[in-house]
Amino acid sequence: MSHPTKRSATASTDASSSSAAAAATMKKAKSQAVACSLDSKNSLSHHHHHHHRQHPDDALFDPAASPMALDDDLKSDDQNARGAVAANLSRKKATPPQPAKKLLIKLRKGKPTMPPNFEEDTWETVRSAISAIFLKQHLSCDLEKLYQAVSDMCLHKMGANLYQRIERECETHISAALQSLVGQSPDLVVFLSLVERCWQDLSDQMLMIRGIALYLDRTYVKQTTNVRSLWDMGLQLFRKHLSLCQEVEHKTVTGLLRMIESERLGEAVDRTLLNHLLKMFTALGIYAESFEKPFLECTSEFYAAEAGKKRGGGGLFGGLQLIQR
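Under UniProt numbering, residue 325 is the last one in the sequence shown; the count climbs by one each step, no gaps.
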């Protein structure tokens, strides 16, 4: 084995030095390249910030900031938000909502004054209407105003006096209507037709008057004991003055009995007229005392006479016919 010469050793040393120098040169170049890259980025960021200046409060991302610092900031903000929510909740619990205050408005309004002679003037309006109804004349005032007039009197505590005045006015006209039947036609059927017309007129008139004074009927009458409704008051007045006119009542009962007897004998009669008058006696409440007793007496006499006629030669067949009649 031969030993290296001095020249080969020198060459080897030069090669090592050259390699070290090249490595140092490459490391320096790489460092400069990284520095240039950072300077370029910083210059670009500075240039962008110079031309597009943001609001002072805007957050800027710092590349040099560490992830741990960002986590700490987020945790701090989260803790602050939770603390604010807890403070709000504690404040709400500490001050419960107060009940709403009631708003009271006091109206100072004086009591309305009633015009002078209000009762007399209003009653005169109502009285004129009642009189026109009974006399079958045209009303000078419409029904709505008449209803309002009665309502106003009731609202001013004049219901009792108004009721008495209406009763007296109705009694005057009902009495006159029944008195007009005295001395009328001797023909009983014609007379019964007049009575039936008088009764029908009274029914229509009292219904119309009740419509005008409906407020009186629903307030004063209902709130006061022993006071009849306007309809019942009209019936009571008709019954009272019919009993006072003995001729009219007697003639009416006699005419009804004659009509019933004629029908039993097979004659044609006005059954509608007969039924209306019998309903009149029932509505007036005088059927039993004024009509039923004489009706039963006449019935007994009629069948007794018929039985005597059939007794001579009618036999069993005649008796059956009598029973059917």
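Don't be surprised by glycine CBs; every beta carbon is placed ideally from N, CA and C.
Top-ranked residue by Cα proximity to residue i, from the options
i           : options                               : result
Val-189     : Leu-214, Cys-170, Thr-252 and Thr-282 : Thr-252
Thr-254     : Phe-191, Glu-119 and Thr-113          : Phe-191
Asp-152     : His-173, Gln-200 and Glu-119          : Glu-119
Glu-144     : Leu-155, Met-158, Val-126 and His-156 : Val-126
Phe-302     : Gly-234, Val-195 and Glu-263          : Glu-263
residue 327 : Asp-142, Tyr-147 and Ala-213          : Because residue 327 is not part of the residues shown, which for the chain are 1 to 325, the question remains open.
Ser-180     : His-156, Lys-157 and Leu-194          : Leu-194
Leu-242     : Val-269, Asp-204 and Phe-281          : Phe-281
Trp-199     : Pro-99, Ala-288, Glu-292 and Ala-283  : Ala-283
Ser-158     : Val-182, Asp-121 and Gly-183          : For the record, residue 158 in the displayed sequence is Met; it is not Ser. Comparing Cα positions, the closest option is Asp-121.
Leu-277     : Ser-185, Tyr-147 and Glu-249          : Glu-249
Asn-117     : Tyr-163, His-156 and Gly-266          : His-156
Lys-136     : Lys-293, Ser-300, Asp-204 and Val-269 : Asp-204
Pro-270     : Glu-196, Thr-113 and Asp-142          : Reading the sequence as shown, one finds Asp at residue 270 and not Pro. The shortest Cα separation from Asp-270 among Glu-196, Thr-113 and Asp-142 belongs to Glu-196.
Tyr-215     : Lys-293, Leu-146 and Pro-99           : Leu-146
Thr-172     : Gln-148, Val-182 and Lys-240          : Lys-240
Tyr-163     : Pro-186, Thr-219 and Asp-142          : Thr-219
Residue i in three-state terms, based on DSSP
i       : result
Lys-251 : helix
Ala-213 : coil
Lys-106 : coil
Ser-140 : coil
Asp-270 : coil
Asn-161 : helix
Leu-60  : With a pLDDT of 46 at Leu-60, under the threshold of 50, the modelled position of that residue is not reliable, and the figure given next carries that caveat. Reduced to three states, the DSSP call for Leu-60 is coil.
Asn-275 : helix
Leu-265 : coil
Leu-237 : helix
Ile-133 : helix
Arg-7   : Confidence at Arg-7 is low in this model, with a pLDDT of 42, below 50, so the placement of that residue should be treated as unreliable; the coordinate-derived value is given next. Helix at Arg-7.
Ala-288 : helix
Pro-294 : helix
Ala-307 : helix
Ala-21  : In this prediction, Ala-21 has a pLDDT of 49, which is less than 50 and means its spatial position is unreliable; nothing more can be read from the coordinates.
Alpha-carbon to alpha-carbon, residue j and residue i
i           : j       : result
Ala-65      : Lys-101 : Caution is warranted here: a pLDDT of 48 is assigned to Ala-65, below 50, making its placement in the model unreliable, and the coordinate value is therefore given only provisionally. Going from the Cα of Ala-65 to the Cα of Lys-101 covers about 58 Å.
Ile-130     : Ala-304 : 51 Å
Arg-168     : Ser-140 : 21 Å
Ile-105     : Arg-165 : 42 Å
Ile-286     : Arg-258 : 19 Å
Ser-290     : Leu-256 : 12 Å
Glu-124     : Asn-161 : 13 Å
residue 362 : Pro-115 : Residue 362 falls outside the range modelled here, since the chain spans only 1 to 325, and no answer is possible.
Phe-134     : Val-150 : 18 Å
Gln-223     : Cys-154 : 12 Å
Gln-184     : Leu-273 : 18 Å
Leu-296     : Ala-288 : 11 Å
Lys-279     : Thr-113 : 49 Å
Leu-244     : Lys-293 : 19 Å
Contact set for residue i: own chain, Cβ-Cβ below 8 Å, skip 5 residues either direction
i       : result
His-138 : Ala-132
Leu-202 : Ile-174, Ala-177, Gly-234 and Phe-238
Glu-261 : Cys-298 and Phe-302
Gln-236 : Arg-228
Other residues of its chain near residue i: CB distance less than 6 Å, five sequence neighbours each side excluded
i           : result
Ser-229     : Asp-217 and Val-221
Lys-309     : none
residue 359 : Only positions 1 to 325 of the chain appear in the structure, and residue 359 is not among them; the question remains open.
8 Å Cβ cutoff, residue i in contact with chain D
i       : result
Arg-165 : Structure shown: chain D not included; a single protein chain is present.
Sequence-distant residues of the same chain with beta carbon closer than 7 Å to residue i, five excluded per side
i       : result
Trp-231 : Met-206 and Arg-210
Met-208 : Ile-133
Considering only residues of the segment 175-230, which uninterrupted alpha helix (DSSP H) runs meet the minimum length of 4 residues and lie entirely inside it, listed in chain order?
188-212, 214-218 and 220-223
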